[in-house]
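Visitor: Got a structure for you, questions after.
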Amino acid sequence: MKQILLAKRYAKALFDLAIEEKVIEKINVDMELVAVVMKENRELRRLMINPVISPGRKKSIIKSIFGTHIDKRSLAFLDILVRKGREMEIGEIAVQFNILFLDYKNIAIANLVTATAINDDLGKRIASLLSSHTSKEIKVEKTIEPEIIGGFKLNMDDYLYDASISKIIRKLHKEFDKNLFIKGF
């Protein structure tokens with residue numbers, strides 16, 4: 087929990103700077119890239135948490151990875167994080183920045199999980215329906231999980247609506263596990 091609060095503070099500082107300098111869109115793209123790279127590159131995460139590697143070496147590695155791909159302000163921000171010993175939180179800070187950006191743009195992300203692929207038209211209809219209830223622009227991220235068998239799961243903000251076949255089967259399984267036998271009949 088402490089790391090998330092810390093990440094939110096750093097993200098908010100960068101967010102305020104990006105608003106002030108009118109580069110919010112560019113910095114958001116940069117932070118999306120940083121979040122993806124930090125999430126998908128296990129070796130980079132291991133390197134960042136390694137106390138044997140000097141901060142100077144970590145800075146040069148970050149510069150070599152991101153130097154030509156991100157804005158100088160984003161690179162300077164990553165440099166500050168390493169200097170302050172916060173390199174382990176870089177990925178989470180980038181994620182928190184993206185959350186602030188989406189809130190600033192009045193956009194919500196809805197994660198739709200289905201057993202099979204759905205067409206774009208259905209995704210747009212779901213986004214439209216959710217948008218009418220939330221007064222936010224909705225972006226639907228589709229995920230395929232065959233283990234839900236059928237139906238769907240919809241996750242948005244802190245809400246999860248589970249209308250999957252696997253959930254129904256689990257509920258039925260619990261019902262059958264109850265011993266309804268009454269002794270004496």
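The sequence shown: position 178 = 264 (my numbering), numbered continuously. A virtual CB, placed ideally from N, CA and C, is assigned to each residue, including glycine. Small disclaimer: the values here were computed from a predicted structure and weren't measured.
So what does DSSP say about Thr-308, is it helix, strand or coil?
Guide: Outside the displayed span of the chain (87 to 271) sits residue 308, for which this structure offers no information.
Visitor: So, Ile-235 versus Ser-221, is the Cβ gap smaller than 8 Å?
Guide: Cβ atoms of Ile-235 and Ser-221: not closer than 8 Å.
Visitor: Closest to Asn-114 by C-alpha separation, out of Pro-232, Asp-263, Lys-191, would be which residue?
Guide: Minimum Cα distance to Asn-114 is reached at Lys-191.
Visitor: Taking contact to mean 3 or more Cβ pairs, one atom from each stretch, closer than 8 Å, check whether the segment 95 to 102 and the segment 170 to 183 are in contact.
Guide: In short, these stretches touch, since the Cβ pair count reaches three.
Visitor: Hey, would you say Leu-246 sits closer than 8 Å to Lys-257, going by beta carbons?
Guide: Not closer than 8 Å, so no.
Visitor: Rounded to a whole number of angstroms, what is the C-alpha to C-alpha distance between Ala-252 and Ala-194?
Guide: Per the sequence presented here, residue 252 reads as Ser, with Ala not at that position. The alpha-carbon atoms of Ser-252 and Ala-194 are separated by roughly 27 Å.
Visitor: For Ser-218, is the classification buried or exposed, using 16 other Cβ atoms within 10 angstroms of its Cβ as the cut-off for buried?
Guide: Exposed, since its Cβ has fewer than 16 Cβ neighbours within 10 Å.
Visitor: Run through DSSP, which three-state label would Asp-116 get?
Guide: Helix, per DSSP.
Visitor: Which one of Asp-206, Thr-200, Asp-248 has the shortest CA to CA distance from Thr-289?
Guide: Missing from the structure shown is residue 289; the chain here goes from 87 to 271 and no further.
Visitor: Using beta-carbon positions only, say whether Glu-175 and Ala-104 come within less than 8 Å of one another.
Guide: Cβ distance not < 8 Å, so Glu-175 and Ala-104 don't count as in contact.
Visitor: Since Asp-102 is in the alpha helix (DSSP H), which residue starts that stretch and which ends it?
Guide: Start and end: 88 to 106.
Visitor: Need the endpoints of the alpha helix (DSSP H) that Asp-263 sits in, please.
Guide: Counting along the chain, the alpha helix (DSSP H) containing Asp-263 begins and ends at 251 to 263.
Visitor: Quick one: any contact between the segment 202 to 218 and the segment 132 to 152, if contact means 3 or more CB pairs under 8 Å?
Guide: Contact between the segment 202 to 218 and the segment 132 to 152 is absent, because fewer than three Cβ pairs lie under 8 Å.
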